[in-house]
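Engineer: Counting from -7, one number per residue, gives the positions in the sequence shown under this note's numbering. Glycine included, every Cβ here is placed at the ideal spot set by N, Cα and C. My structure is below; once you've seen it, I'll send some questions.
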Amino acid sequence: MFWRNWNTMLATMVSSARAQIGRRSRQARSILAAEGYRGIIDRARSKASDWLKPQTEAWPVFPDDVLAADLSHPPDIAEPPLEEGEQITVNWIIGPAGPGSGGHTTAFRILNFLEKLGYRNRVYFYDPYGGDLQYFTDIARDYYKLNCEIANARRGMKDAHAVVATSWASAYAAYNAKCSGKRFYFIQDFEPFFYPTSTNSLLAENTYRMGFHGITAGRWLADKLTREFGMKTDHFPFGCDTAQYRRSAGSERKGIAFYARSHTPRRAVELGILALEIFAKRHPDVELHLFGQHLGALPFRFTNHGPSNPAKLNDIYNKCFAGLCLSLTNVSLVPYEMLACGCIPIVNDGPQNRVVLENAFVRFADPTPISLAQELEAVMGAPDREDISRKAAESVTLTSWDTAGAAVDAALRRALQP
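Structure representation (structure tokens):
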């Protein structure tokens, strides 16, 4: 009886294995026919990557901070009154970052502007990943030009007039902190959208219920948070570093630039690539410049610039008359940078872009490959491109980060008044 059952089980296993081998062989032949050896290699690398990745990802928030945050019983935090003429002290809670982080660049620009106005800033790094504090402190000083006090948020914070969270994870640290200071939330995007429906998306959403005063990048976020969560909000306008990004009058603008950063899903890279595939088939002579990360083979010819610093970006934009810049959440800094260089940005239509990008030279298209490709064709087919490029650059000459900083200063002072 035993051997009969064993033989039956063995036969079943062999039959199942043959079926799997047959299925995988047919799949491999299909991929090979459609995509060549590159398709096989890409899938093998993807599987190897999945196998090498840890089974549990590091969390962006300390679990004990989540456990301690009782939103049904908000802590009683002292808010020292701001006396007339008194220096304002602000604690900023922020995750450490390497050079070139867009969110950190904006936050530290505002922080440095406030320091010039006489604020006393302190930066407290919040780092569940266990990075080296000295390493990130050196980057903050050398790259982001911070001169203020820098410390570890987990070791406690000094009393201040204002305590500012800068991300959903740091909001938990601000909520639980024992130091005095009115709680603010410097919000650059709707972070629940960064995740599929999950614990992280829910925890991020809950931070908008902590009772903080929001200061948002652009009006779309301010309106959304007030409407959906009842938050008190102010907003600051997007700025543009026109000293770094500027139009070169002698540049030959023959190409299209595309911000292609696939590990940031909200930038809709796959959608943009499909649109460029359509465009490239119709206009194979137009140069396509992709930047943001190193990309593999695509179904059209392109120049792969990879991660690019501001000087390199300025050069790319000045080679292009049009730029494709997609965002499914709050708009990025790229459209204004393109405009400053005389490059016309095409963005996906949506309130997050319409409300913030109030500029006549920004072109909007429905978020479909065909509509985006058609808008690229319309822009590249303009007969007076030199004149359009010049006027586009002129349209952002007054779009300054000082204006954004002044708006944040005014918001803080209003909220801190007794």
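Let me know the alpha helix (DSSP H) ranges lying completely inside the segment 123 to 162, each 4 residues or longer, listed in chain order.
Structural biologist: Complete alpha helix (DSSP H) runs here, min 4: 125 to 134.
Engineer: Given 8 Å as the limit, is there contact between the segment 320 to 333 and the segment 290 to 299, that is, 3 or more CB pairs closer than that?
Structural biologist: Too few Cβ pairs lie closer than 8 Å, so no.
Engineer: Whole angstroms are fine: how far does the CA of glutamate 329 sit from the CA of lysine 150?
Structural biologist: Cα to Cα, lysine 150 sits roughly 38 Å from glutamate 329.
Engineer: Rounded to whole angstroms, what is the Cα-Cα separation between glutamine 126 and valine 115?
Structural biologist: Spanning the two alpha carbons is a distance of roughly 13 Å.
Engineer: Around the C-beta of asparagine 306, are 16 or more other C-beta atoms found within 10 angstroms, so that it is buried, or is it exposed?
Structural biologist: When all chains shown are included, asparagine 306 counts as buried.
Engineer: Which complete beta strand (DSSP E) runs does the segment 279 to 343 hold, if anything under 3 residues is left out?
Structural biologist: You should have 279 to 283, 295 to 298, 312 to 316 and 336 to 340.
Engineer: Since histidine 281 contacts histidine 297 with CB under 8 Å, what's their CB separation in whole angstroms?
Structural biologist: 6 Å between Cβ atoms; contact.
Engineer: Considering lysine 224, what are the terminal residues of the alpha helix (DSSP H) in which it resides?
Structural biologist: First-last for lysine 224: 224 to 228, but that is the beta strand (DSSP E), not the alpha helix (DSSP H).
Engineer: Near serine 41, which residues of its chain fall below 6 Å by C-beta distance, leaving aside the five closest residues on each side in sequence?
Structural biologist: In this prediction, serine 41 has a pLDDT of 47, which is less than 50 and means its spatial position is unreliable; nothing more can be read from the coordinates.
Engineer: Let me make sure I understand the geometry here. Which of Leu390, Phe353, Ala50 and Tyr164 has the alpha-carbon closest to that of aspartate 379?
Structural biologist: Aspartate 379 has its Cα closest to that of Phe353, out of Leu390, Phe353, Ala50 and Tyr164.
Engineer: Between Thr360, Asp341, Cys317 and Ser243, which lies nearest to asparagine 310 when the distance is taken from Cα to Cα?
Structural biologist: With distances taken between Cα atoms, asparagine 310 lies closest to Ser243.
Engineer: How about threonine 158 and tryptophan 84: are their beta carbons less than 8 Å apart?
Structural biologist: Their beta carbons are under 8 Å apart, which means threonine 158 touches tryptophan 84 by this criterion.
Engineer: Quick check: the Cα distance between leucine 266 and alanine 169, rounded to an integer number of angstroms?
Structural biologist: Going from the Cα of leucine 266 to the Cα of alanine 169 covers about 47 Å.
Engineer: Sorted by chain position, which residues of the same chain lie with C-beta nearer than 8 Å to glutamine 79's C-beta, five sequence neighbours on each side aside?
Structural biologist: Around glutamine 79: Gly110, Tyr111 and Arg112.
Engineer: Around the C-beta of glutamate 141, are 16 or more other C-beta atoms found within 10 angstroms, so that it is buried, or is it exposed?
Structural biologist: The residue is exposed, with fewer than 16 neighbouring Cβ atoms inside 10 Å.
Engineer: Which whole-angstrom value is the C-beta distance of tyrosine 251 and phenylalanine 283, which I expect to be below 8 Å?
Structural biologist: 7 Å between Cβ atoms; contact.
Engineer: Using the rule of at least 16 other Cβ atoms within 10 Å of the residue's Cβ for burial, across every protein chain shown, is glutamate 76 buried or exposed?
Structural biologist: Looking at its Cβ environment, which holds fewer than 16 other Cβ atoms inside 10 Å, glutamate 76 is exposed.
Engineer: Is the number of C-beta pairs between the segment 176 to 186 and the segment 198 to 207 that are closer than 8 Å three or more?
Structural biologist: Output reads yes: the segment 198 to 207 touches the segment 176 to 186.
Engineer: From the DSSP output, read off the bridge partner residues of valine 115.
Structural biologist: DSSP lists Trp84 and Ile142 as partners of valine 115.
Engineer: Going by DSSP, what residue range makes up the alpha helix (DSSP H) through histidine 96?
Structural biologist: Where histidine 96 is concerned, the enclosing alpha helix (DSSP H) stretches over 94 to 108.
Engineer: Quick check: the Cα distance between leucine 44 and alanine 50, rounded to an integer number of angstroms?
Structural biologist: Any reading at leucine 44 needs caution, since the residue's pLDDT is 49, under 50, leaving its predicted position unreliable; the model's value is listed next. Spanning the two alpha carbons is a distance of roughly 15 Å.
Engineer: Judging by CA-CA distance, which residue of Ala370, Asp341, Gln366 and Val348 is the nearest neighbour of phenylalanine 356?
Structural biologist: Out of Ala370, Asp341, Gln366 and Val348, Asp341 has the C-alpha closest to the C-alpha of phenylalanine 356.
Engineer: Is leucine 263 closer than 8 Å to proline 359 when the C-beta atoms are compared?
Structural biologist: Yes.
Engineer: When the distance is taken between beta carbons, is aspartate 226 closer than 8 Å to alanine 403?
Structural biologist: Contact flag set, yes.
Engineer: Taking the alpha-carbon positions, what's the threonine 208 to valine 155 distance?
Structural biologist: Taking the straight line joining both Cα atoms gives about 15 Å.
Engineer: If I'm right that phenylalanine 204 touches arginine 245 with Cβ under 8 Å, what's the distance once you round it to whole angstroms?
Structural biologist: In fact, because the Cβ distance is near 44 Å, the residues do not count as touching under 8 Å.
Engineer: Between alanine 303 and phenylalanine 186, what straight-line distance do the alpha-carbon atoms span, to the nearest angstrom?
Structural biologist: So the two alpha carbons sit approximately 29 Å from each other.
Engineer: Please classify alanine 235: does DSSP put it in a helix, a strand, or coil?
Structural biologist: Looking at alanine 235 - three-state DSSP - the assignment turns out to be coil, as it is neither helix nor strand.
Engineer: Measure the CB-CB distance between glycine 94 and leucine 325 and report whether it falls below 8 Å.
Structural biologist: Yes. Within cutoff.
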